[in-house]
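*Asks:*
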Amino acid sequence: MARATLHVCTTCLRGLPAPEGAPRPGAALLAALAAGARPEGVTIRAVECLSACQTGCAVALCAPGKWSYVYGHLDPAQDAPAILAGAGLYAASSDGIVP
């Protein structure tokens, strides 16, 4: 089984101004995902930009031979469990289509 990669934009601002030096919402999402139970077959990777600035926080999910997805408008405080569950289903699928 090819490993799935969950790319997490760490510079996402969720459309909000960020004071200089303040943690960005994208970094908070990465921390929440890292604190959860990583699904089998999923690698979580921080990236600096997914070019989805108008829809941050954003993640991308991909694997060789599978459909790829970009998800946005994610809330670091609430969405990490659902993101991890979905990534696990994606990794277990043969083609990337999540049931």
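The working numbering numbers the first residue of the sequence shown as 32 and each following residue consecutively. For glycine and all other residues, C-beta sits at the position ideal for the given N, C-alpha and C. Just so we're clear, the structure is a prediction, and the values are computed from it rather than from any experiment.
(1) In the DSSP assignment, find the unbroken beta strand (DSSP E) run with ILE75 in it and report its ends.
(2) Would you please state the rounded distance, in angstroms, between the beta carbons of GLU71 and GLY127? I believe it to be under 8 Å.
(3) So, at 8 Å on beta carbons, what are the nonlocal neighbours of PRO112 in its own chain, with the 5 sequence-adjacent residues on each side left out?
(4) Would PRO107 and ALA77 qualify as a contact pair, given that the criterion is a beta-carbon distance under 7 Å?
(5) Determine the burial state of CYS80: buried for a count of at least 16 other Cβ atoms within 10 Å of its Cβ, exposed for fewer.
(6) Exposed or buried, what is PRO95 when buried is set at 16 or more other beta-carbons lying within 10 Å of its beta-carbon?
(7) With burial defined as no fewer than 16 other Cβ atoms inside 10 Å of the residue's Cβ, what is the status of ALA89: buried or exposed?
(8) Let me know the alpha helix (DSSP H) ranges lying completely inside the stretch 54-108, each 4 residues or longer, listed in chain order.
(9) Do LEU37 and GLY87 count as a contact pair if the criterion is CB distance below 7 Å?
*Replies:* With the given structure in hand:
(1) By 1-based counting over the sequence shown, the position of residue 75 is 44. 73-78 is the span of the beta strand (DSSP E), which, as asked, contains ILE75.
(2) Translated into positions along the sequence shown, residue 71 becomes position 40. Translated into positions along the sequence shown, residue 127 becomes position 96. About 16 Å separates the two Cβ atoms, so there is no contact after all.
(3) Translated into positions along the sequence shown, residue 112 becomes position 81. Closer than 8 Å at Cβ, skipping near neighbours: GLY67.
(4) Indexing the sequence shown from 1 puts residue 107 at position 76. Indexing the sequence shown from 1 puts residue 77 at position 46. No, the pair does not count as a contact, with Cβ atoms beyond the cut-off.
(5) On the sequence shown, position 49 is the one that residue 80 refers to. Flag for CYS80 reads exposed.
(6) For the purposes of this step, residue 95 is taken as residue 64 along the sequence shown, with counting starting at 1. Exposed is the call here.
(7) In the sequence shown, counting from the first residue as 1, residue 89 sits at position 58. Buried, because 16 or more other Cβ atoms sit within 10 Å of the Cβ of ALA89.
(8) 56-66
(9) As a working note, residue 87 is residue 56 in the sequence shown. As a working note, residue 37 is residue 6 in the sequence shown. Contact: no.
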